[in-house]
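For the sequence shown, this note's numbering gives the first residue as 32, with consecutive numbering after it. Where is the CB? At the ideal position from N, CA and C, for every residue including glycine.
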Amino acid sequence: MNRSEWLRARGLHTDQRIGEVLTRAAERWPEREAVVFEGRRLRYRELARWVTAVASDLVDGGVRPGDRLLWQVPNCLEGLVLHMAGWRIGAVCVPVVPLYREHEMAHILADVRPAAVAFSTALGDRRPAEEMATLMESLGIKPLLRFAIGDDADGWSAVPPCPADDDPAPCVSLPDPAPAGDCCLILYTSGTTAAPKGAMHNSRSLLAEVATCRDTFGWGVGTTFIMGAPITHIAGLLCTLVFPAAFGGRAVLLPAWDADRAVALAEAERADFCAGATVFLAGFVERYEQGASPSHRLGTFMCGGSAVPPSLIERAEAVGIKAFRCWGMTEAPTTTLCSPDDPLEWRATRDGRASEGTDIEAVDDDRRPLAPGELGELRVRSPEQMMGYTDPVADAAQVDADGWFYTGDMGFVSADGWVTMVGRKKDIVNRGGEKFSCSDIEGVIASHPAVAGAAVLGVPDGRLGEKVAAFVVLRPGAEWPGQQGMIAHLEGARLARQKFPVEWHLLDQLPTTMSGKIQKHELLARWHEEQTREDR
32 MNRSEWLRAR GLHTDQRIGE VLTRAAERWP EREAVVFEGR RLRYRELARW
82 VTAVASDLVD GGVRPGDRLL WQVPNCLEGL VLHMAGWRIG AVCVPVVPLY
132 REHEMAHILA DVRPAAVAFS TALGDRRPAE EMATLMESLG IKPLLRFAIG
182 DDADGWSAVP PCPADDDPAP CVSLPDPAPA GDCCLILYTS GTTAAPKGAM
232 HNSRSLLAEV ATCRDTFGWG VGTTFIMGAP ITHIAGLLCT LVFPAAFGGR
282 AVLLPAWDAD RAVALAEAER ADFCAGATVF LAGFVERYEQ GASPSHRLGT
332 FMCGGSAVPP SLIERAEAVG IKAFRCWGMT EAPTTTLCSP DDPLEWRATR
382 DGRASEGTDI EAVDDDRRPL APGELGELRV RSPEQMMGYT DPVADAAQVD
432 ADGWFYTGDM GFVSADGWVT MVGRKKDIVN RGGEKFSCSD IEGVIASHPA
482 VAGAAVLGVP DGRLGEKVAA FVVLRPGAEW PGQQGMIAHL EGARLARQKF
532 PVEWHLLDQL PTTMSGKIQK HELLARWHEE QTREDR
């Protein structure tokens with residue numbers, strides 16, 4: 032029996048289609064609440080009617096099965112509905128984190144060549160729809176449909192509103208959802224190279240998540256999820272769109288992360304479960320420590336995406352949250368899991384055991400398996416694993432002929448199967464769960480006329496896990512433009528603002544090997560020495 036047959040025999044891979052999940056939920060639980068957002072409550076039958084209306088609009092506009100629907104909006108109902116509508120008609124949905132600007136989006140748009148797009152008309156001081164219209168024109172990309180979320184915009188359509196109960200059903204005949212083995216989702220993630228990589232998922236990988244987590248946590252009808260992370264992330268997407276609909280649960284969605292609102296909503300809606308990076312768990316814990324929300328507190332929190340201090344898991348336990356560390360990534364979302372009933376010490380100091388059907392090994396630099404307890408790069412083979420990257424070169428570099436995905440994360444696996452993370456092999460910064468390519472940021476810094484060389488790395492941050500620090504060498508005779516001058520340069524390059532360094536260090540030269548490779552471990556050691564001196 033090969034691995035594919037084994038996964039099917041275990042029920043981890045089936046022929047169910049992701050585009051059918053909401054339809055079935057509406058048939059089974061029409062009057063149950065599906066989602067709560069900004070005081071608005073939608074039952075499953077209402078949500079399904081809205082999705083059908085938007086799906087009809089997509090088909091009427093020429094979108095066909097296999098076409099790409101790219102959307103880049105903050106948490107909102109329109110984003111959820113557009114995504115579900117795309118899945119309903121067999122389109123490939125491409126949610127993109129709103130923080131990306133032209134610098135990152137040029138590659139993504141060229142890679143996807145979407146048939147339909149959706150952008151916000153306003154996001155802080157930005158006008159994403161206008162920005163992307165200009166960018167798409169420069170790239171020669173002409174989507175069949177362009178949706179604007181927010182204000183009206185010339186040349187852009189509005190997402191059809193949720194139909195009233197007495198509105199007639201759309202007349203457009205909808206195509207079937209994509210078969211279980213076909214790509215239905217592309218999520219872009221940063222690696223060591225500048226260009227984001229598109230990880231492709233199908234119904235089997237996404238619904239394997241449902242089976243694994245449902246059985247581990249005992250989810251069922253009435254389970255309430257609360258989510259403050261972006262729904263353009265894999266965790267937000269699963270906890271808001273996929274998990275609840277699969278078994279009649281409910282999603283409580285925040286427009287953006289706000290710890291006070293999250294605590295209040297968790298109490299008012301009697302939320303059971305949340306998943307996200309360290310900063311989200313810390314927000315709950317800090318407010319519970321201050322005595323907030325005495326009548327109902329969040330029960331379980333799955334924490335990952337960035338460094339998780341053991342002390343935070345212990346503090347969560349003290350205020351009544353069963354929190355635990357896990358390890359996953361866009362390419363294989365839930366590779367390890369804990370049970371809330373596992374001992375506190377294990378939940379605080381280890382990163383879980385392999386989820387059902389998942390193999391995890393630590394390997395050496397030649398990709399040979401190491402003995403239990405030995406430190407190496409972690410490789411995984413999982414039912415939740417992506418189909419591959421959109422870029423065959425990136426795919427070949429990280430996935431071998433036996434289906435092992437080489438994660439670039441360093442850790443070890445104990446004899447009893449527990450995984451412990453210790454760091455990264457990849458040259459990235461992990462800021463609150465957002466992963467950024469160091470070389471991408473370095474390239475933009477180095478393009479400043481005063482800069483001769485630059486190195487970027489993630490340094491510890493108590494709130495977000497890591498923050499971006501830049502080490503810069505100036506050209507001979509050049510004057511340091513100052514932090515504000517450098518920020519203005521990054522702004523002019525339209526780099527995502529979350530990538531901007533918060534620390535700038537001027538050096539006479541960067542430490543390098545004989546071959547010229549920058550020795551970032553020396554820079555990190557210098558940073559720690561400076562922190563020690565400042566703390567004295």
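Fill in: Within the region 410 to 446, ranges of the beta strand (DSSP E) (whole runs, at least 3 residues)
436 to 444
Worksheet item: By a C-beta neighbour count over all protein chains shown, 10 Å radius and 16 as the cutoff for buried, is Q562 buried or exposed?
Response: Translated into positions along the sequence shown, residue 562 becomes position 531. Flag for Q562 reads exposed.
Discussion item. Given a cut-off of 8 Å on the beta-carbon distance, is the pair F508 and E497 in contact?
Written reply: Working through the sequence shown from its first residue, we reach residue 508 at position 477. Working through the sequence shown from its first residue, we reach residue 497 at position 466. Sequence inspection shows Gly at residue 508; the Phe mentioned does not correspond to that position. Result no, Cβ atoms of G508 and E497 do not sit closer than 8 Å.
Worksheet entry | Coil, strand or helix - S386 by DSSP | Counting from 1 along the sequence shown, the entry for residue 386 is found at position 355. In the structure shown, S386 sits in coil (DSSP, three-state: anything other than H, G, I, E or B).
Worksheet entry | Residue environment, L284, which counts as buried when at least 16 other CB atoms sit within 10 Å | Along the sequence shown, read from residue 1 onward, the residue named residue 284 stands at position 253. Under this definition L284 is a buried residue.
Discussion item. If the criterion is Cβ atoms closer than 8 Å, does the pair W14 and Q514 meet it?
Written reply: The structure shown does not extend to residue 14, since the chain is modelled only from 32 to 567, so the question has no answer here.
Worksheet item: What is the residue span of the beta strand (DSSP E) that G474 lies within?
Response: Mapped onto the sequence shown, residue 474 falls at position 443. Looking at the DSSP string, G474 is not in any beta strand (DSSP E); the run it does join, the alpha helix (DSSP H), is C469 to A477.
Fill in: CB of W118 within 8 Å of CB of A149, strictly
Along the sequence shown, one-based indexing puts residue 118 at 87. Along the sequence shown, one-based indexing puts residue 149 at 118. Result no, Cβ atoms of W118 and A149 do not sit closer than 8 Å.
Discussion item. Does the region 231 to 241 come into contact with the region 262 to 276, if we say contact requires no fewer than three beta-carbon pairs (one atom in each stretch) closer than 8 Å?
Written reply: yes
Practice prompt. Under 8 Å by Cβ, that's how I've got V411 and F443 pegged, so tell me the actual separation to the nearest angstrom.
Written response: Position 380 of the sequence shown holds residue 411. Position 412 of the sequence shown holds residue 443. The Cβ separation is near 14 Å, so there is no contact.
Item to complete: Could you name the residues of the same chain whose beta carbon sits closer than 8 Å to that of S546, not counting the 5 residues immediately before and after it, in chain order?
Response: Counting from one through the sequence shown, the residue named residue 546 turns up at place 515. Residue confidence is low: S546 scores 46 on pLDDT, short of 50, so the model does not pin down where it sits. No coordinate-derived value is stated.
Worksheet entry | For A450, the three-state DSSP class (helix, strand or coil) | On the sequence shown, position 419 is the one that residue 450 refers to. One point to set straight first is that residue 450 is Val, not Ala, in the sequence displayed. DSSP places V450 in strand when its eight states are reduced to three.
Worksheet item: Would S445 be called buried (16 or more neighbouring beta carbons within 10 Å of its own) or exposed?
Response: Along the sequence shown, one-based indexing puts residue 445 at 414. Exposed: under 16 other Cβ atoms inside 10 Å.
Worksheet item: Of the residues L329, R301 and G322, which one's Cα is nearest the Cα of F311?
Response: Sequence index remark: in the sequence shown, residue 311 carries index 280 (1-based). Of the candidates L329, R301 and G322, the one whose C-alpha sits nearest the C-alpha of F311 is L329.
Discussion item. Can you tell me where the alpha helix (DSSP H) holding E64 begins and where it ends?
Written reply: For the purposes of this step, residue 64 is taken as residue 33 along the sequence shown, with counting starting at 1. From DSSP, E64 is part of no alpha helix (DSSP H) but of the beta strand (DSSP E) over E64 to F68.
Worksheet item: Among E162, V450 and G407, which one has its Cα closest to the Cα of R378?
Response: Indexing the sequence shown from 1 puts residue 378 at position 347. Closest option to R378, Cα to Cα, is V450.
Discussion item. Quick check: what's the CA-CA separation for M360 versus T366?
Written reply: On the sequence shown, residue 360 is found 329 positions in, with the first residue counted as 1. On the sequence shown, residue 366 is found 335 positions in, with the first residue counted as 1. One C-alpha to the other measures close to 8 Å.
Worksheet item: Of all the options E510, E560 and T543, which has the alpha carbon lying nearest to the alpha carbon of L537?
Response: Stepping through the sequence shown from its first residue, residue 537 is reached at position 506. The candidate whose alpha carbon is nearest that of L537 is E510.
Discussion item. Suppose the cutoff is 6 Å on Cβ atoms and the five residues either side in sequence are ignored; what does the same chain contact list for Y131 look like?
Written reply: As a first step, residue 131 must be located in the sequence shown, where it is residue number 100. If we look at Y131 and ignore the five residues flanking it on each side, its Cβ neighbours are A527.
Discussion item. For D390 and L218, what's the separation of their Cα atoms in angstroms?
Written reply: For the purposes of this step, residue 390 is taken as the residue at position 359 of the sequence shown. For the purposes of this step, residue 218 is taken as the residue at position 187 of the sequence shown. Computed Cα separation, rounded: 23 Å.
Item to complete: Using three-state DSSP, classify M32 as helix, strand or coil.
Response: Within the sequence shown, numbered from 1, the residue matching residue 32 stands at position 1. Three-state DSSP puts M32 in coil, outside helix and strand.
Worksheet item: Are the CB atoms of A184 and T152 nearer to each other than 8 Å?
Response: Start at 1 with the first residue of the sequence shown, and residue 184 comes out as number 153. Start at 1 with the first residue of the sequence shown, and residue 152 comes out as number 121. Going by C-beta atoms, A184 is nearer than 8 Å to T152.
Worksheet item: Nearest to W288 by alpha carbon, out of Y75, H520, P105 and T380?
Response: Within the sequence shown, the letter at position 257 stands for residue 288. Closest by alpha carbon: P105.
Item to complete: Buried or exposed for P414, please, with buried defined as at least 16 other CB atoms from any protein chain shown within 10 angstroms of its CB.
Response: For the purposes of this step, residue 414 is identified with residue 383 of the sequence shown, where counting begins at 1. By the 10 Å Cβ count, P414 comes out buried.
Worksheet item: Skipping 5 residues on each side, what residues in its chain have a beta carbon closer than 8 Å to that of P129?
Response: Counted from its first residue, the sequence shown places residue 129 at position 98. Within the same chain, P129 has close Cβ partners Q103, V104, P105, S151, L154, P159, P261 and T263.
Item to complete: Decide yes or no for the touch test of the region 207 to 218 against the region 111 to 126: beta carbon pairs closer than 8 Å, at least 3 of them.
Response: yes
Worksheet item: Exposed or buried, S221, counting other C-beta atoms within 10 Å across all chains shown (16 or more means buried)?
Response: As a working mapping, residue 221 is identified with position 190 in the sequence shown. Under this definition S221 is a buried residue.
Item to complete: State the DSSP-derived secondary structure class of C270, mapped to helix, strand or coil.
Response: Reading the sequence shown from its first residue, position 239 is the one you call residue 270. Helix.
Practice prompt. Please report the residue range of the beta strand (DSSP E) in which F531 lies.
Written response: Counted from its first residue, the sequence shown places residue 531 at position 500. Premise fails: F531 is in no beta strand (DSSP E) and is neither H nor E.
Discussion item. The alpha helix (DSSP H) that contains T291, what's its start and end?
Written reply: Working through the sequence shown from its first residue, we reach residue 291 at position 260. Thr is not the amino acid found at residue 291; the sequence shown has Asp there. Element bounds for D291: A290 to A299.
Worksheet entry | Same chain, Cβ closer than 6 Å to R281, five either side skipped, listed in chain order | Within the sequence shown, residue 281 is the residue found at index 250, counting from 1. Excluding residues within five positions, the ones whose Cβ falls inside 6 Å are E64, T255 and P275.
Worksheet item: Taking the alpha-carbon positions, what's the E565 to H559 distance?
Response: Residue mapping note: residue 565 aligns to position 534 of the sequence shown, counting from 1. Residue mapping note: residue 559 aligns to position 528 of the sequence shown, counting from 1. Approximately 10 Å between the Cα atoms of the pair.
Worksheet entry | Where the alpha helix (DSSP H) through A568 begins and ends | No answer is possible for residue 568: the residues shown for the chain start at 32 and end at 567.
Practice prompt. Whole angstroms is fine: what's the gap from T309's alpha carbon to R41's?
Written response: Indexing the sequence shown from 1 puts residue 309 at position 278. Indexing the sequence shown from 1 puts residue 41 at position 10. So the two alpha carbons sit approximately 33 Å from each other.
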